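J.: Numbering (this note's numbering), first residue to last: 400 to 685. This is the structure, below, for whatever I ask next.
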């Protein structure tokens, strides 16, 4: 049978199973090493995604420089002021972490994928959410609940919210990593047993759901605030941009989960990387 070999020196009548990292064809007398597969630099999908990430990084860096040079202008202030840098800085860091998806998984690359990258993304989403809330807050909450609005401004509500969400995401990620693992693992491809798939986490699907749960809640909140503020003055109405980002994030996340439920292997890594970069570009465009 495939996956077994006939050891003529030990027992020439019974087939012996191959080791977990080896395979054999029918009627073989020895096993051969399974081919280890992972996302490689020279592959066409990798080159395309890396190019998109590089363009996103350069455009985001240009925005940071322009905002820094004109920080005191009303345009930058109305766009969020310091909150813009709080969102753009982790966005730059997330772009720089895209290469950890490429090559054989290591403890460091798995840690970046499961911890640092997802925290950077959550900071960006929380900034979007608090920005949409703050616009609604200025025009509606300030007149109806002046005391609450005064507390929000006095105690730097936006930064407290982002810090709280980041700390909560850190707890989720830490629990996820402690409950599962950051050690790279390999498993046989169900469609082609001659291949071993290198991955960061054998329970990657569960880890993905846990890591994105808070982001999805923030997206719902941001979308709700944007919808509430749809009748605000045009200069302050950011509903279209926020709706675009949130809708794209929902669509891409559902597509990724659907794809992962059907396929396995390097295709999942490629799509995960592509969705990651497209979500970052969506945040930058928003």
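Positions of the beta carbon are idealized from the N, C-alpha and C atoms, including for glycine. All of these numbers come straight from a predicted model, not from anything done at the bench.
Taking all protein chains shown into account, do 16 or more other C-beta atoms lie within 10 angstroms of the C-beta of residue 504, making it buried, or fewer, making it exposed?
T.: buried
J.: Assuming residue 438 is part of the beta strand (DSSP E), what are its boundary residues?
T.: Per DSSP, residue 438 belongs to no beta strand (DSSP E) and is neither H nor E.
J.: When you compare the stretch 479-495 with the stretch 519-533, are there three or more beta-carbon pairs, one atom per stretch, that lie closer than 8 Å?
T.: yes
J.: Is there contact between the stretch 645-665 and the stretch 560-571, where contact requires at least three CB pairs shorter than 8 Å?
T.: no
J.: Spell out a yes or no on whether the stretch 510-519 and the stretch 574-588 are touching, meaning 3 or more CB-CB pairs, one atom from each, closer than 8 Å.
T.: yes
J.: Which of the three DSSP states is assigned to residue 496 in this structure?
T.: coil
J.: Please state if the CB of residue 673 and the CB of residue 455 are separated by a distance shorter than 8 Å.
T.: no
J.: Can you give, in chain order, each stretch of the beta strand (DSSP E) that sits fully within the stretch 546-599 and has at least 3 residues?
T.: 584-587, 594-598
J.: Nearest to residue 488 by alpha carbon, out of 524, 594, 507, 418?
T.: 524
J.: Confirm, please, whether the CB-CB distance from residue 491 to residue 585 is below 8 Å.
T.: Not a contact, by the Cβ cut-off of 8 Å.
J.: For the beta strand (DSSP E) that residue 536 lies in, which residues bound it at each end?
T.: Where residue 536 is concerned, there is no enclosing beta strand (DSSP E), given that its DSSP letter is neither H nor E.
J.: Considering only the beta carbon of each residue, do residue 624 and residue 535 sit closer than 8 Å?
T.: yes
J.: If you follow the alpha helix (DSSP H) that residue 509 is part of, which residue opens it and which one closes it?
T.: 506-510
J.: Within a Cβ cutoff of 6 Å, which residues of the same chain sit near residue 419, ignoring the five residues on either side of it in sequence?
T.: none
J.: Alpha carbon to alpha carbon, how far is residue 613 from residue 645?
T.: 13 Å
J.: Pick from 450, 665, 664: whose alpha carbon is nearest that of residue 676?
T.: 450
J.: Going by other Cβ atoms of all chains shown within 10 Å of its Cβ, with 16 needed for buried, is residue 448 buried or exposed?
T.: buried
J.: Let me check one thing: in DSSP terms, what residues is residue 431 bridge-paired to?
T.: DSSP output for residue 431 lists 422 as bridge partner(s).
J.: For residue 665, which residues in the same chain have their Cβ closer than 8 Å to its Cβ, ignoring the five residues on either side in sequence?
T.: 436, 437, 438, 596
J.: Helix, strand or coil, according to DSSP, for residue 626 in the structure here?
T.: helix
J.: Using DSSP with H/G/I as helix, E/B as strand and the rest coil, what is residue 648?
T.: In this structure, residue 648 counts as helix in the three-state DSSP scheme.
J.: Excluding sequence positions up to five away, which residues of its chain have a Cβ less than 8 Å from the Cβ of residue 466?
T.: 475, 478, 483, 484, 487
J.: In whole angstroms, what separates the C-alpha of residue 605 from that of residue 556?
T.: If you draw a straight line from the Cα of residue 605 to the Cα of residue 556, it is about 33 Å long.
J.: Indicate whether residue 611 and residue 568 have their beta-carbon atoms separated by less than 8 Å.
T.: no
J.: Helix, strand or coil: how does DSSP classify residue 445 here?
T.: helix
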